[in-house]
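Under this note's numbering, think of the first position of the sequence shown as 372, with each following residue one higher. Everything below concerns the one structure shown next.
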Amino acid sequence: MARWLQNVKSDRLMGQREEWWWTGQPPQAGVCPGVRSDGKISSLPLLNLSQCTRQEVLDYFDNAWTLTEVLFSALQGEEAFYLPPYHQLRYPFIFYYGHTAVFYINKLCLARILEAPLNEYFEQLFAVGVDEMPWDDLSKNEMDWPSFKEVHEYRQQVYKTVRHIIETHSGWEILPITQDSPLWAVLMGIEHDRIHLETSSVLMRECPLSLLRRPQQWLDNHPSANRKNLPELEPQLGVDYPVNKMIAMPAGVVMLGKPSDWPSYGWDSAYGSRQVQVGSFQASKYLISNGEFYQFVKAGGYSQQHYWTEDGWRWRTVRNPKWPTFWVADEPANSHQYKLRTCFEIIDMPWSWPVVVNYHEAKAYCVWLTEQDGSQIAYRVMTEAEHHRMRDPLLKSLSDQAAIAQDPVMNASGHDMASSQGVNLNLAYPCEIPVDALPPNSKGFHDVFGNLWQWCEDDSNPLPGFKTHYLYEDFSCPTFDGQHKMVMGCSFISTGEDASMWERFNIRPHFFQHAGFRLVRSVEGDPLGNAVKLPPQKDN
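Structure below.
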């Protein structure tokens, strides 16, 4: 018997959850913020820290806490909580179930809002996740974890503790709330909870369906998920997925970095500033769709080394993929008939949805398409600065609420996001949607924000003026190692600060996230668009 199975004590956690499951507010309309009258939950807008009330902070906390528990209610049986992921790159779900709660307590102690820990053993055991760092302890995947009951009881304690701080601490009356306030620790805990909503959903997408059940409070998929395909028919350009033309962007100057007085929470990597002169380039109108990527798969792109970078081919050789990780092949595999795995089900392949791939796969596709087109200018993925050029222009006056209104996540809940802001983020939908489902921005591009994260050529890097925050000194610094790639634009399940236009996120190039890519090619200057590259640091 595998060692991890010793953690499984019962089958109590089957089916839809009963009242005892919820350690915070149950997902009921009129009880938990963000729950509609039909019982479906989505995300509230990101807090405006220049004018938020105590009640708004409490609502935002309750919304994040319950969203996490709705997501985890999908796990069926204790086995689902303790089974290590197949790739061994993350811990089992029991860790993340405890981790987001532990994070609140550890940061509140650092901020001296709490004088003592609640459970020192838990607050060490569940403190640090994994990202293939030298200090990662993957032996935990074979350890004896605390029981689900113990972790559940701990979450109850943490919820009551954080709620009490929000209800009673006098600091909420002093606005704006800034990075210098000890209450930044509470906001940090909420936003950290929201980051793990996204990363845990990816792990669930990788989890066997036998261990999952779609929560009844989870939003319905986009209607396009219900479309039925004739499996024997190949996807047709212009019918099953749109023609993806390149749009010319003239040269221009962009300023990267979140203003220090912008009234929303931000992680350390968002701050600082860098002015960039961006050369003229072309970028695809849409994210690359499943239909477009199918042509690469059918052409045998996964088996031809010359399309892949050295690191990419090494990953492909070890993992031996033949198609994107969330594609499900019908038998025989060489029939090239596919379905798509979403978080909780397998559906007929929506060819018009953006393809979910890692950086290595995106780069291989770019090389292949350059060869197919006979292009003298190589296709690639975008840079961070080019993403800024593709955005709608930003108003400069921070005193003007119209400037703040340009960050969609500060102005709409997930329930209203698609209709009022025209983007698929903040849980407008719980899945990708067609690349042409929502209107383009003023420059003609679709999904500049939302739907999927977009891989960048840039390595994760600090902006000039970057400073760590004392409450989380190792949030970004370990990723400035030349081994993490920038991603921009947020995904459908990015919420809160994670869905902000200021977010500068990063992922290891072989990891899977809700991430895709957009084609770009330089018209002038550096073929890589002056992407920021850092020398790789070797792990000790």
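Glycine included, each C-beta is placed from N, C-alpha and C at the ideal position. Computed from a predicted structure; not experimentally measured.
- Going by beta carbons, Trp694 and Val668 fall inside the 8 Å limit.
- DSSP places Arg461 outside both helix and strand once states are collapsed to three, so it counts as coil.
- If only uninterrupted beta strand (DSSP E) runs of at least 3 residues are considered, those enclosed by the segment 798-839 are 824-830.
- C-alpha of Tyr431 to C-alpha of Leu418: approximately 8 Å in a straight line.
- Note: Gln396 is not bridge-paired with any residue in the DSSP secondary-structure output.
- Closest by C-alpha distance to Leu420, out of Asp897, Leu438, Glu868 and Phe888, is Glu868.
- By the neighbour-count criterion, in which 16 or more other beta carbons inside 10 Å mark a residue as buried, Ser784 falls on the buried side.
- Contact between the segment 481-501 and the segment 596-608 is absent: fewer than three C-beta pairs spanning the two stretches fall below 8 Å.
- Look at Leu627 here: in three-state DSSP terms it is strand.
- The straight-line gap separating the alpha-carbon atoms of Tyr800 and Val819 is approximately 16 Å.
- Per DSSP, the continuous alpha helix (DSSP H) segment holding Phe452 begins and ends at Glu449 to Tyr453.
- A direct Cα-to-Cα measurement between Asp433 and Arg534 gives close to 9 Å.
- At a Cβ-Cβ threshold of 8 Å, Leu384 and Glu449 count as neighbours.
- Secondary structure at Val573: helix, using DSSP grouped into helix, strand and coil.
- Shown here, Tyr678 sits in a helix according to DSSP, grouped into three states.
- Just measuring C-alpha positions, the residue of Thr532, Lys531, Pro553 and Tyr530 sitting nearest Ser541 is Pro553.
- By the neighbour-count definition (other C-beta atoms within 10 Å, threshold 16), Ile659 is a buried residue.
- In this structure, DSSP gives Arg645 an extended state, which the three-state scheme calls strand.
- Between the segment 814-828 and the segment 879-887 there are three or more inter-stretch CB-CB distances shorter than 8 Å, so the stretches are counted as touching.
- Judged by DSSP secondary structure, Ser893 falls within the beta strand (DSSP E) whose first and last residues are Val891 to Ser893.
- The continuous alpha helix (DSSP H) containing Leu740 extends over residues Tyr730 to Asp744.
- In terms of Cα proximity to Gly405, the closest of Trp589, Asn729 and Asp897 is Trp589.
- Taking 8 Å as the upper bound for CB-CB distance, Pro805 and Val794 are not in contact here, some 14 Å apart.
- For Ala451, the closest alpha carbon among the candidates Thr532, Glu577, Leu558 and Leu798 is that of Glu577.
- A residue is called buried when at least 16 other Cβ atoms come within 10 angstroms of its Cβ; Ser813 does not meet this threshold and is exposed.
- Burial is judged here by how many other beta carbons sit within 10 angstroms of a residue's own beta carbon; Ala400 has fewer than 16 and is exposed.
- For Arg712, the enclosing beta strand (DSSP E) covers residues Tyr709 to Arg712.
- Lys669 is bridged by DSSP to nothing; it lacks a bridge partner.
- Note: Asn877 is bridge-paired with Met857 in the DSSP secondary-structure output.
- Every unbroken stretch of the alpha helix (DSSP H) spanning 4 or more residues and falling wholly within the segment 518-545 is given here in chain order: 519-539.
- Of Pro907, Phe697 and Glu544, the smallest CA-CA separation from Leu574 is found for Phe697.
- A direct Cα-Cα distance of roughly 49 Å separates Pro811 from Pro517.
- C-alpha of Glu757 to C-alpha of Leu905: approximately 18 Å in a straight line.
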